[in-house]
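Remarks on the structure that follows.
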Amino acid sequence: GAVVSQHPSRVICKSGTSVKIECRSLDFQATTMFWYRQFPKKSLMLMATSNEGSKATYEQGVEKDKFLINHASLTLSTLTVTSAHPEDSSFYICSAIPLAVGYNEQFFGPGTRLTVL
Amino acid sequence: SQKIEQNSEALNIQEGKTATLTCNYTNYSPAYLQWYRQDPGRGPVFLLLIRENEKEKRKERLKVTFDTTLKQSLFHITASQPADSATYLCALVLDSGTYKYIFGTGTRLKVLA
Chain A
414 GAVVSQHPSR VICKSGTSVK IECRSLDFQA TTMFWYRQFP KKSLMLMATS
464 NEGSKATYEQ GVEKDKFLIN HASLTLSTLT VTSAHPEDSS FYICSAIPLA
514 VGYNEQFFGP GTRLTVL
Chain B
1043 SQKIEQNSEA LNIQEGKTAT LTCNYTNYSP AYLQWYRQDP GRGPVFLLLI
1093 RENEKEKRKE RLKVTFDTTL KQSLFHITAS QPADSATYLC ALVLDSGTYK
1143 YIFGTGTRLK VLA
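Note that the protein sequences, when read in sequence, are chains A and B. Numbering-wise, the numbering used here comes out as the position in the first sequence, counting from 1, plus 413. Numbering-wise, the numbering used here comes out as the position in the second sequence, counting from 1, plus 1042.
So this is what it looks like as structure tokens:
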């Protein structure tokens, strides 16, 4: 149980276009999901906390107009990278914590590799 | 300043030996600490959690210790196998209510056959 999926797993786009990444909790509900960014051989950097039915909370230095987050349901959060540029190329990973009592760990998706040409 | 560091970027050990990975932090007061495994191109997978009032946790060949005085956690893999080769991340959970995690830089473990 507690599986998180991401779609797409890989995306290549041209500079200036927008890309949407979906994060789904497949067998549980989550009021809170997290979006991370990871550069090669670096650790995960928390970008934002996505809250179902309300605005996302962004970490310092993350542009909320650049990285749009929508948490429309208890099983789906989306991250849209708007007007993507080559420096946005990275590995984006989402995670979720089950709504059910007793869970302390985050369950991570498999990640999305974004390459902006 | 606040920092979380893992002892080395890469660690090579011989199969069958015990791998010991270190996670040190400064200027944080975590509610608990977790260890994750990450394979290349994949998301992290949860391994173990240890709370601030616990000294040690075990799960099969894995053992974690947590010393809040030293501000350090040690992660041990006994009888290591080539399949244990991966990057291991420690994560501090600062507030059990918000689930805000701070991840370490990771240690790439390679177990040599």
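Every residue, glycine too, gets a C-beta built ideally from N, C-alpha and C. Small disclaimer: the values here were computed from a predicted structure and weren't measured.
8 Å Cβ cutoff, residue i in contact with chain B
i, result
"L512 (chain A)", "no"
"L530 (chain A)", "no"
"I425 (chain A)", "no"
"L459 (chain A)", "yes"
Beta-carbon spacing of residue i, residue j below 8 Å
i, j, result
"T1149 (chain B)", "Q1048 (chain B)", "yes"
"Q442 (chain A)", "T488 (chain A)", "yes"
"Q451 (chain A)", "Y1141 (chain B)", "no"
"Y1074 (chain B)", "F1088 (chain B)", "no"
"A497 (chain A)", "H484 (chain A)", "no"
"T1068 (chain B)", "Q1044 (chain B)", "yes"
"C436 (chain A)", "S490 (chain A)", "yes"
"L1116 (chain B)", "K1101 (chain B)", "no"
"C507 (chain A)", "M446 (chain A)", "yes"
Test: residue i CB closer than 8 Å to a CB of chain A
i, result
"R1084 (chain B)", "yes"
"F1108 (chain B)", "no"
"L1104 (chain B)", "no"
"L1091 (chain B)", "yes"
"L1131 (chain B)", "yes"
Proximal chain A residues relative to residue i, where beta-carbon distance stays under 8 Å
i, result
"T1147 (chain B)", "K455, S456"
Closer than 7 Å at the beta carbon, the chain A residues around residue i
i, result
"Q1076 (chain B)", "E518"
Chain-ordered neighbours of residue i on chain B, where CB pairs are closer than 9 Å
i, result
"P523 (chain A)", "G1083, R1084, G1085"
Cβ-based neighbour list, residue i, same chain, cut-off 6 Å, excluding 5 preceding and 5 following
i, result
"T1120 (chain B)", "T1060, R1103"
"R526 (chain A)", "R423, F504"
"T1111 (chain B)", "none"
"F1025 (chain B)", "This structure cannot speak to residue 1025 (chain B), because chain B is shown only from 1043 to 1155."
Proximal chain B residues relative to residue i, where beta-carbon distance stays under 8 Å
i, result
"T445 (chain A)", "Y1141"
"I506 (chain A)", "G1085, P1086"
Spatial neighbours of residue i in its chain, beta-carbon cut-off 8 Å, leaving aside the 5 residues before and after
i, result
"P499 (chain A)", "S428, V529, L530"
"K455 (chain A)", "none"
"E1096 (chain B)", "F1108"
"F480 (chain A)", "W448, M460, A461, Y471, L492, T493, V494, T495"
"D1137 (chain B)", "A1073"
For residue j and residue i, believed in contact at Cβ under 8 Å, the rounded distance
i, j, result
"Q1080 (chain B)", "T1129 (chain B)", "5 Å"
"L1151 (chain B)", "L1053 (chain B)", "5 Å"
"R1084 (chain B)", "P523 (chain A)", "6 Å"
Closer than 8 Å to chain C by CB, residue i
i, result
"K1059 (chain B)", "The chain labelled as chain C is not found among the protein chains of the depicted structure, namely A and B."
Residues near residue i in its chain [Cβ-Cβ closer than 7 Å; skip 5 each side]
i, result
"S438 (chain A)", "V417, T488, A509"
"T444 (chain A)", "N464, E465, L487, L512"
"N1066 (chain B)", "E1047, K1113, Q1114"
"Q1123 (chain B)", "E1057, V1153"
"T430 (chain A)", "A497"
Residue i CB to nearest heavy atom of the ligand FAD below 7 Å
i, result
"L459 (chain A)", "The model depicted lacks the ligand FAD and carries no ligand whatsoever."
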